[in-house]
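These notes concern the structure reproduced below.
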Amino acid sequence: MMKHSVKKLFAAAVVGVAVAGMTACGGKKFNVVGSVEGADGQVVYFENIGLTGVDILDSAKLGKDGQFAFSGEATEAPEFYRLRISDQIINLSIDSTETVSVKAQWPGMATRYEVEGSENCQKIKELSLMQIDLQQRAIALEQGRTLTPDELRDSLLRMVNTYKEQVKLNYIFREPNKAYAYFALFQTLGRWLIFDPKANADDVKVFAAVATSWDTYYPGAERGENLHNIAIEGMKNERIANANNMGLSVESNKVTESGVIEIELTDNKGQQCRLTDLKGQVVLLDFHVFAMEDSPQRILMLREVYNKYHAQGLEIYQVSLDADEHFWKQMTAALPWISVRDPESLNSRYVTLYNVPAVPEFFLIDRGNNLVKRSQQMTDLEAEIKKLL
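The numbers in my numbering rise by one with no breaks, and the one at position 185 of the sequence shown is 185.
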């Protein structure tokens, strides 16, 4: 079925380190090998970067050749590690049973190294070097003493926003399910997150896009669940702030948190429909454009699925991205499922939140309001629905 490109909405982002892992994959191992030139007598530490801190997994005193070799249990989702000598750090990510090779030089190991065997590690190196450059430019700007405080703040803000746009475009939204996209979310400038979902509503969208990808590609991963919770908390804060700005009162403990990112839009009957209100049913969340040439055939397919499984607990929540509201109402008047429309069309924030690169796109949500799979992970839609009913 032909797919139509969807305009991506870019939000804001941050630097830092990533988080904890999942259970091991049946005793399978990964390897980190390499050498640090000029580090004779130094101790290199191999550490895991977890949700609650950094744990030393192994260490080795380097000889004249500087060689080292570490191994560990492979995990079911990407995991984050680092090599450290003194305060010099090389960040790594391991995905399954790969062998990562690192060749570095001492001193200055954090920037003077090459890595092979992992695209994620290569991208993390690029991000780390970009972060260091941003830090150095910010320090130089601050020490220049030629700007007023307001001019300095504005210049730093422009510098950071330019950095964020570059990272979003080239790293985060390009492949949000990758470890390097996750790593990019937690980068810092000094003590401050570059992407801060607690303070910036646009940054919430970036976290949500990666959270959705991790929910679907690595279901049950601790770091994915943590990221999802961060996105949900950010959206909750945004809703409360918006309500306060409008003179309304919203109690934070009454803002719904669930395993899916909330969608609340008006249906073709003029009623507000919340995705989370369908908890207890299996939901096919469908992003659609009725103006597409092949829309009629796809709607027929959805009708067959709906008629077959609706009585057993299946519901369809279909989000239209059509620009023409009158046309959309005509096309959905006879549809038996929930049909809502986003008036922002291809600029819909939900396109970003659910990381929808093209339409049509669909997701399956279980009875507990947990996003289970997206279209690319399914070869037999009916079989997947039956598993959840």
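Ideal Cβ positions, reconstructed from N, Cα and C, are used throughout, including at glycine.
Per the DSSP calculation, residue i is bridged to which residue(s)?
| i | result |
| --- | --- |
| residue 34 | 68 and 102 |
| residue 319 | 287 and 340 |
| residue 29 | 73 |
| residue 44 | 60 |
| residue 92 | 81 |
| residue 267 | 340 |
| residue 373 | 364 |
| residue 188 | 193 |
| residue 274 | 264 |
| residue 55 | 48 |
| residue 314 | 282 |
Indicate whether residue i and residue j have their beta-carbon atoms separated by less than 8 Å.
| i | j | result |
| --- | --- | --- |
| residue 189 | residue 134 | yes |
| residue 268 | residue 178 | no |
| residue 313 | residue 281 | yes |
| residue 105 | residue 38 | yes |
| residue 350 | residue 305 | no |
| residue 287 | residue 356 | yes |
| residue 111 | residue 85 | no |
| residue 377 | residue 216 | yes |
| residue 365 | residue 289 | no |
| residue 77 | residue 29 | no |
| residue 124 | residue 180 | yes |
| residue 322 | residue 348 | no |
| residue 206 | residue 168 | yes |
| residue 201 | residue 173 | no |
| residue 360 | residue 298 | yes |
| residue 118 | residue 93 | yes |
| residue 362 | residue 275 | no |
| residue 265 | residue 380 | no |
From what residue to what residue does the beta strand (DSSP E) around residue i run?
| i | result |
| --- | --- |
| residue 120 | Residue 120 -> not in any beta strand (DSSP E); alpha helix (DSSP H) instead, spanning 119–143. |
| residue 113 | 113–116 |
| residue 351 | Per DSSP, residue 351 belongs to no beta strand (DSSP E); it is in the alpha helix (DSSP H), 349–353. |
Where do the ends of the alpha helix (DSSP H) carrying residue i lie?
| i | result |
| --- | --- |
| residue 209 | 201–217 |
| residue 303 | 295–309 |
| residue 150 | 149–167 |
| residue 332 | 325–332 |
| residue 383 | 381–388 |
Since residue i and residue j are thought to touch, with beta carbons under 8 Å apart, how far apart are those beta carbons, to the nearest angstrom?
| i | j | result |
| --- | --- | --- |
| residue 62 | residue 36 | 6 Å |
| residue 309 | residue 278 | With a Cβ gap of about 14 Å, residue 309 and residue 278 do not count as contacting. |
| residue 388 | residue 261 | Not really, about 19 Å apart at Cβ, beyond 8 Å. |
| residue 223 | residue 182 | 7 Å |
| residue 46 | residue 59 | 7 Å |
| residue 68 | residue 44 | 5 Å |
| residue 56 | residue 82 | With 8 Å as the limit, residue 56 and residue 82 do not qualify as a contact, their Cβ atoms being about 10 Å apart. |
| residue 64 | residue 95 | No, residue 64 and residue 95 are not in contact; Cβ-Cβ is about 33 Å, not under 8 Å. |
| residue 390 | residue 51 | In the structure as shown, the chain starts at 1 and stops at 389, and residue 390 therefore has no counterpart that could be examined. |
| residue 358 | residue 327 | Going by Cβ atoms, the distance from residue 358 to residue 327 rounds to 21 Å, so no, they are not a contact pair. |
Are the region 126–133 and the region 148–160 in contact at 8 Å, needing three or more beta carbon pairs? With a cut-off of 8 Å, the region 148–160 and the region 126–133 do not count as touching, because too few Cβ pairs lie within range.
Report yes or no: do three or more beta-carbon pairs, one from the region 223–236 and one from the region 189–199, lie closer than 8 Å? Under the 8 Å Cβ criterion, the region 223–236 counts as touching the region 189–199, having at least three qualifying pairs.
Three-pair Cβ contact test at 8 Å for the region 99–109 versus the region 137–153: Output reads no: the region 137–153 does not touch the region 99–109.
Does the region 364–377 come into contact with the region 337–349, if we say contact requires no fewer than three beta-carbon pairs (one atom in each stretch) closer than 8 Å? Here the region 364–377 makes no contact with the region 337–349; the two share fewer than three CB pairs at distances below 8 Å.
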